[in-house]
Structure formats: structure tokens, C-alpha cells
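Novice:
Numbering (this note's numbering), first residue to last: 168 to 382.
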């Protein structure tokens, strides 16, 4: 999708939009959540680094479906994207997609775009890139579905699963309201994969126990 961005938003705005795409690709956040990630604004989603602890994303109750404040692990892939911003520039909103007016050579508005509009532009980028996620159905007349912001979030979950991250951890990172959602999409029940994880974990535990002195 990154290669198709400039054709939709213009070359001047492309970098800022690609940063949004990469944020979705690596964070597993919903688009509205990503657009509410800030460095220092109260009441927003913020990355936190504390000495002696793993970094986390602090998510206020207002940004949660269950209306509960929560901290989740900061995904290393997403952390790498965030750390591309120089320390001295880490203030305000993290993701600031530039106006498409730049493409037309017009004066831009200072107002930041909302998630709904950003989502429509991302859908246009997905279509321009030709990334098909669901084929057309001639019987029902349903058109081809191309990649959207939500598909980028899902792809992050898919890559976590393929990397061997346990489904319960994926559930925590993606904050599904129900375990059933995670099980349906990211824990399809590959018995060989499950068997490999089971044996690996137990073998490591037995190895550790064997090295401890008796008594």
C-alpha cells in the first residue's frame, strides 16, 4: 500500500499518510484509537516508558469499549515506529496525516482530520494498491472489497499469530471484548502448532527443574 499512497494523497503528503499506515500495520489499534495516540495529551492513548519495566500503552476508559482504563504491552514493532520521531519532537498528536489540498496546490486548513475521513482515504489507497481482501460476488452484486484500515489491524494480529504469540496474549494486545473473537480469527486450532508450543514450553520447564539442586 505504501507505494500507492502518493498517487492518492500527493507526494508532499505521502510520508505523513504512510506513517499512519505503518502505525496501523504494527500497533493492532483501531483507526480511531490510532488517531488518539499522543505523546502528552491528557485523556488520550499514550506510550509510557518507565525504568526497569517493559513499555506499555496507557489507554483511558473513554477510548475503551468496556469503559475501563487499561494498560497493554507496547508492541515492539509499534515501538520502533514511534521511536522514529526525534525525542525533541515528541509532543502533541503522534499521527498527523497531511491535508490532501497539498496535492492540488491549495492552502491547507489547520484543522486535523478525523478518523472517519482518514479511513475513507485509506480505503482509496487500498483500492489504488489493488490489495483485494474479498472478491466480488456476481450473484449478489457485491463489489470487490479492498484493504481498509481495519484490515491493517487484522494483519497485525495475523502476523502475531504466525510469529507464535499465544492467542491469550493476542487477545490482550488487540483488546477483544470476547475471547471468542480472538479464537475465531487468530486461534484456528492448528494442532501441530499447538503441539509444538506445548512441547517447547514443557521441555523448557523440565530443563530448568533438572538444573536446580535437589532438596
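C-beta atoms are modelled at their ideal positions from N, C-alpha and C, and glycine is treated no differently.
In the DSSP output, which residue or residues are listed as bridge partners for residue 212?
Specialist: Paired residues: 204.
Novice: Once you ignore the five residues that flank residue 197 on each side, which residues in its own chain have a CB closer than 7 Å to its CB?
Specialist: The residues are 320.
Novice: Note down the Cα distance separating residue 326 from residue 190, rounded to an integer number of angstroms.
Specialist: Cα to Cα, the separation comes out at about 14 Å.
Novice: Only counting the same chain, and skipping five residues up and downstream in sequence, which positions put a Cβ closer than 7 Å to that of residue 258?
Specialist: Cβ within range, chain order: 206, 207.
Novice: Rank 218, 332, 333, 265 by C-alpha distance to the C-alpha of residue 188 and give the top, closest one.
Specialist: Looking at the Cα atoms, 265 is the closest of the given residues.
Novice: Suppose contacts are defined by Cβ-Cβ distances below 9 Å. Is residue 236 in contact with residue 222 by that definition?
Specialist: No; because the gap between Cβ atoms is not below 9 Å, this pair is not in contact.
Novice: The alpha helix (DSSP H) with residue 327 in it runs from where to where?
Specialist: Taken as a continuous stretch (DSSP letters only), the alpha helix (DSSP H) holding residue 327 covers 316-329.
Novice: Return yes when the Cβ of residue 293 is within less than 9 Å of the Cβ of residue 313, no when it is not.
Specialist: Closer than 9 Å, so yes.
Novice: Go through its chain and collect everything with a Cβ distance to residue 302's Cβ below 7 Å, but skip five positions before and after it.
Specialist: Once the five neighbours on either side are set aside, the close Cβ partners of residue 302 are 311.
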